[in-house]
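*Asks:* In the working numbering, the protein residues as written are 1 to 287.
Glycine residues also receive a C-beta, built at the ideal position from the N, C-alpha and C atoms.
Pasting a structure here, questions to come.
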Ligand SMILES: NC(=O)c1ccc[n+]([C@@H]2O[C@H](COP(=O)([O-])OP(=O)(O)OC[C@H]3O[C@@H](n4cnc5c(N)ncnc54)[C@H](OP(=O)(O)O)[C@@H]3O)[C@@H](O)[C@H]2O)c1
């Protein structure tokens with residue numbers, strides 16, 4: 001998530017953001033669209049160091065220099081080893097006054113999924129659990145227990161669900177609770193993908209969570225006739241091998257194009273993430 005603004009005096013005269021992978025980066029989009037002439041006191045702000053390599057789009061450092069930007073303020077260095085520090089060095093060599101990184105913690109937090117994939121090769125993982133004051137997460141017979149109130153639900157939809165690429169649950173939660181796994185409060189235009197860990201193919205076809213982008217992860221076994229990845233009724237199926245009695249999660253991350261995951265349970269699923277140390281943040285809502 002990268003945005004850029006061009007400031008003249010105390011006014012923003014242009015702004016742009018990176019729409020999606022493969023599209024022009026924020027500062028390139030801004031400079032391509034800006035029709036006026038760049039003045040020597042104009043300052044270009046961008047939250048991520050401008051890129052200097054040719055990926056799906058040309059290097060941003062080229063257009064910054066070509067358009068005559070003289071001052072640039074950036075928020076954080078690019079964690080991508082192909083760029084990190086090099087974008088800044090190229091701009092400085094070309095005579096651009098570069099200030100930054102000015103807000104590295106804030107900017108890294110904002111783009112924690114991208115940073116996590118670049119630095120550790122896996123998505124950012126948040127565990128979310130709701131429990132009563134006595135620590136209960138469901139009724140004794142496993143049936144769903146309404147724990148959180150509306151304020152907590154609104155918070156977890158807008159601040160957790162809407163801010164992760166995907167929501168992940170174990171198949172038993174689908175069977176017991178039949179959750180929708182959607183964002184239903186705040187801005188509902190973005191819906192995260194839904195991932196179900198279902199090694200033995202127990203997921204009911206008519207589950208409420210089926211819809212949108214649904215990924216069901218099953219166990220890869222020798223001699224299996226199914227393809228490794230397949231799509232039927234809108235459900236993407238991925239087969240992943242086991243390691244030490246549960247999914248080899250490193251292999252799962254390689255098969256997914258996802259940068260952040262909210263693990264919503266249940267107990268066995270949370271434990272399997274904790275056991276392999278794949279947890280960046282844990283949120284417990286007490287109801
Ligand atoms: N309060 C809350 O926040 C909350 C949230 C969600 C659920 N819940 C409650 O939790 C209960 C369900 O929890 P649960 O612990 O029984 O089940 P669960 O975690 O929902 O699902 C566990 C099953 O998912 C599969 N699985 C999960 N992680 C795996 C891994 N790393 N590798 C391979 N397979 C994996 C396995 O399927 P197989 O069994 O097929 O091997 C496992 O037995 C329900 O009662 C629900 O109401 C509460």
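#1: Run through DSSP, which three-state label would residue 43 get?
#2: At the level of alpha carbons, what is the spacing between residue 28 and residue 107?
#3: Is residue 241 near ligand 1, judged by its Cβ being under 8 Å from some heavy atom?
#4: Between the alpha carbons of residue 64 and residue 31, how many angstroms are there, rounded?
#5: Give the straight-line distance between the Cα atoms of residue 67 and residue 38, rounded to the nearest whole angstrom.
#6: Mind checking whether residue 268 and residue 113 have CB atoms under 9 Å apart?
#7: Which of the three DSSP states, helix, strand or coil, is assigned to residue 209?
#8: If we count Cβ pairs, one from each stretch, closer than 8 Å, do we get three or more for the segment 198–208 versus the segment 170–187?
#9: Taking 8 Å as the line, does the beta carbon of residue 173 fall inside it for any heavy atom of ligand 1?
#10: Closer than 8 Å by C-beta to residue 74: which residues in its own chain qualify, once you throw out the five before and the five after it? Chain order, please.
#11: Whose CA, out of 19, 69 and 54, lies closest to the CA of residue 34?
#12: Taking 6 Å as the limit between beta carbons, can you name the residues of its chain near residue 235, skipping five residues before and five after?
#13: Provide the residue span of the beta strand (DSSP E) that contains residue 15, from first to last.
#14: What are the boundary residues of the beta strand (DSSP E) that includes residue 3?
#15: Could you give the distance in angstroms between the alpha-carbon of residue 283 and the alpha-carbon of residue 144?
#16: Do the CB positions of residue 279 and residue 127 come within less than 9 Å of each other?
#17: Between the alpha carbons of residue 5 and residue 82, how many angstroms are there, rounded?
*Replies:* This is what the structure holds:
#1: strand
#2: 19 Å
#3: no
#4: 8 Å
#5: 7 Å
#6: no
#7: coil
#8: yes
#9: yes
#10: 45, 46, 47, 48, 49, 50, 88, 98, 99, 100, 101 and 102
#11: 69
#12: 214 and 216
#13: 11–17
#14: 3–8
#15: 19 Å
#16: yes
#17: 24 Å
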